[in-house]
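Scroll down for the structure; my scribbles are underneath it.
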Amino acid sequence: MTEIAERAAAALDDPENWPEDPKEAVVRQRLLADRVRTEPLDAEGVELVCGLDVSYGVGDTELAAAAVVLDARTLEVVETSLVTDTPSFPYVSGLFAFRELPPVLKAIEGLSLTPDVFISDGFGLAHPRRFGVASHLGVLIDARVVGSAKSVLYGRNTPPGEERGSWTPMVAGRSEIVDDTFALAEEGAEVIGRTLRTRSRTRPVYVSVGHRVDLEGAADLIMRVSPKYRIPEPIRHADRLCGLYRKEHEAGGAAK
DNA sequence: GCGACAG
DNA sequence: ATCTTGTCGC
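Following the working numbering, the residues of the first sequence are numbered contiguously, the last one being 248.
This is the structure:
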């Protein structure tokens, strides 16, 4: 078992990590948020990237999580890990981690490789308490994690240019940001993420620091692993994998 | 009080 | 997230 797998198992076993209700969950987030660290990430130096995603079944009774490791250079899948589970926490915007991390940690536990960085389908610092799933996961297993979300949760956003590679900062709090002149935002307000166009004339994705990466490196990595489609390849693979897996699971078990 | 609200 | 056919575009 790898060190990361062991830490994932330990995080799952600690009851302190899994509050019963939203109220306690918020307290837990505030406590752990202090542990988030930002450090430089050399996107070009990454060799193994792991995409994570969760899919849901009908009636809120089952979900599937996938961890897919890709060779960052060729973008070929080198390992996959799948797991099915039962939701034990309701869906509450801002408290994602308490619902999705249990199965995700189990999927990570099943990996035999050690990815250089993980990509989570959600936010990191671009969160009301600066502690979205990406940061939460990173802190629990002490790994590098990048957050890549498909829609906005928190902060001010400005649409980037239409071409692939264009981006604008996501800003929290009061800012003097006006239209596309975000230079002012860099000085006064807090930059919590990046609205990034991974594909020309297609909706952008929202990148933020999860844990032990910096925003520059995170955005560079997302661009590197999204050469063709809007959604980063690691996430696309994880999405497809757990989606199909869950479908087959229902088809075989739910004999009506 | 009135919106907004990751997957 | 999920329920769902065709359709416009490269």
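A virtual CB, placed ideally from N, CA and C, is assigned to each residue, including glycine.
8 Å contact criterion, which LEU233 and LEU97 should meet: CB distance rounded: Here the question's residue 233 lines up with position 241 in the first sequence. Here the question's residue 97 lines up with position 105 in the first sequence. Actually they do not touch by this definition, with Cβ atoms about 17 Å apart.
Whole alpha helix (DSSP H) elements within the segment 111 to 170, 4-residue minimum: Assignment of alpha helix (DSSP H) within the segment 111 to 170, counting only whole runs of 4 or more residues, yields 125 to 133 in chain order.
CA-to-CA distance, SER192 to GLY157, given in whole angstroms: Taking the first sequence and counting its residues from 1, one reaches residue 157 at position 165. Taking the first sequence and counting its residues from 1, one reaches residue 192 at position 200. If I take the Cα positions, the gap works out to 8 Å.
Exposure label - VAL84; buried when at least 16 CB within 10 Å: As a working mapping, residue 84 is identified with position 92 in the first sequence. Result: exposed.
For ALA126 and PHE115, believed in contact at Cβ under 8 Å, the rounded distance: On the first sequence, position 123 is the one that residue 115 refers to. On the first sequence, position 134 is the one that residue 126 refers to. Rounded to the nearest angstrom, the Cβ distance from PHE115 to ALA126 is 6 Å, consistent with a contact under 8 Å.
Simplified DSSP state of GLY102, which is helix, strand or coil: Position 110 of the first sequence, counted from the start, is the residue given in the question as residue 102. Here GLY102 sits in coil by DSSP.
Straight-line Cα distance separating GLU182 from GLY153: Locating residue 153 in the first sequence gives position 161, counting from the first residue. Locating residue 182 in the first sequence gives position 190, counting from the first residue. Their Cα atoms are separated by approximately 22 Å.
Own chain residues within Cβ distance below 8 Å of LEU87, not counting five before or after: Mapped onto the first sequence, residue 87 falls at position 95. Within the same chain, PRO14, ALA17, VAL18, GLN21 and PHE81 come within 8 Å of LEU87 by CB-CB distance, once the 5 residues on both sides are set aside.
Sheet register partners of ALA181 (DSSP bridge): For this step, residue 181 is matched to residue 189 along the first sequence. Answer by DSSP bridge pairing: none, since ALA181 is not bridged.
CA-to-CA distance, GLY165 to ALA230, given in whole angstroms: For the purposes of this step, residue 230 is identified with residue 238 of the first sequence, where counting begins at 1. For the purposes of this step, residue 165 is identified with residue 173 of the first sequence, where counting begins at 1. A straight line joining the alpha-carbon of ALA230 with that of GLY165 spans about 34 Å.
Start-end ranges of the alpha helix (DSSP H) lying completely within the segment 7 to 87, minimum 4 residues: 14 to 24
Stretch-stretch touch, CB-based, cutoff 8 Å, three pairs: the segment 36 to 45 with the segment 221 to 230: Yes, since at least three Cβ pairs between the segment 36 to 45 and the segment 221 to 230 fall closer than 8 Å, the two stretches touch.
Exposure of ALA177, with buried meaning 16 or more beta-carbon neighbours within 10 Å: As a working note, residue 177 is residue 185 in the first sequence. The pLDDT assigned to ALA177 is 49, lower than 50, so where the model puts this residue is not dependable; a value taken from the coordinates is nonetheless given after this. With 16 or more Cβ atoms within 10 Å of its Cβ, ALA177 is classed as buried.
Which listed residue (GLU71, LEU55, VAL60 and ALA64) has its alpha carbon closest to that of PRO79: Working through the first sequence from its first residue, we reach residue 79 at position 87. Measuring from the Cα of PRO79, the nearest candidate turns out to be LEU55.
Own chain partners of SER218 with C-beta closer than 8 Å, once the 5 adjacent residues on each side are dropped: As a position in the first sequence, residue 218 is number 226, starting the count at 1. The answer, listed in chain order, is THR190, ARG191, VAL197, PRO224 and GLU225.
Close Cβ partners of PHE61 (< 6 Å) along its chain, the five nearest in sequence each way excluded: If you number the first sequence from 1, residue 61 lands on position 69. The residue asked about is misnamed: residue 61 is Val in this sequence, not Phe. Once the five neighbours on either side are set aside, the close Cβ partners of VAL61 are LEU40, CYS42, VAL70, GLU71, LEU105 and PRO107.
LEU213 to LEU67 span [Cα, whole Å]: Here residue 213 refers to the residue found at position 221 of the first sequence. Here residue 67 refers to the residue found at position 75 of the first sequence. In a straight line, the C-alpha of LEU213 is about 12 Å away from that of LEU67.
Whole runs of the beta strand (DSSP E) within the segment 180 to 213, excluding any shorter than 3 residues: 182 to 188 and 197 to 203
Candidates TRP10, LEU23 and ALA58: closest to LEU236 by CA position: Position 244 of the first sequence, counted from the start, is the residue given in the question as residue 236. Among TRP10, LEU23 and ALA58, the Cα nearest to that of LEU236 belongs to ALA58.
Rounded C-alpha distance that separates ILE111 from VAL138: The residue you call residue 111 lines up with position 119 of the first sequence. The residue you call residue 138 lines up with position 146 of the first sequence. In a straight line, the C-alpha of ILE111 is about 5 Å away from that of VAL138.
Cut-off 6 Å between Cβ atoms - residues of its own chain near THR194, not counting five sequence neighbours on either side: By one-based count along the first sequence, residue 194 stands at place 202. Here the set comprises ARG222.
For VAL217, the three-state DSSP class (helix, strand or coil): The residue you call residue 217 lines up with position 225 of the first sequence. In the structure shown, the three-state DSSP call for VAL217 is coil.
For GLU242 and ASP6, the rounded distance between their alpha carbons: Working through the first sequence from its first residue, we reach residue 6 at position 14. Working through the first sequence from its first residue, we reach residue 242 at position 250. If I take the Cα positions, the gap works out to 30 Å.
Best match in LYS239, ASN9 and TYR146 for proximity to ARG91 [C-alpha to C-alpha]: Taking the first residue of the first sequence as 1, we reach residue 91 at position 99. Answer by Cα proximity: ASN9.
DSSP bridge partner residues for VAL109 (one or two, in chain order): Residue numbering aside, residue 109 sits at position 117 when the first sequence is read from its first letter. For VAL109, which the question treats as bridged, DSSP gives the partners VAL41.
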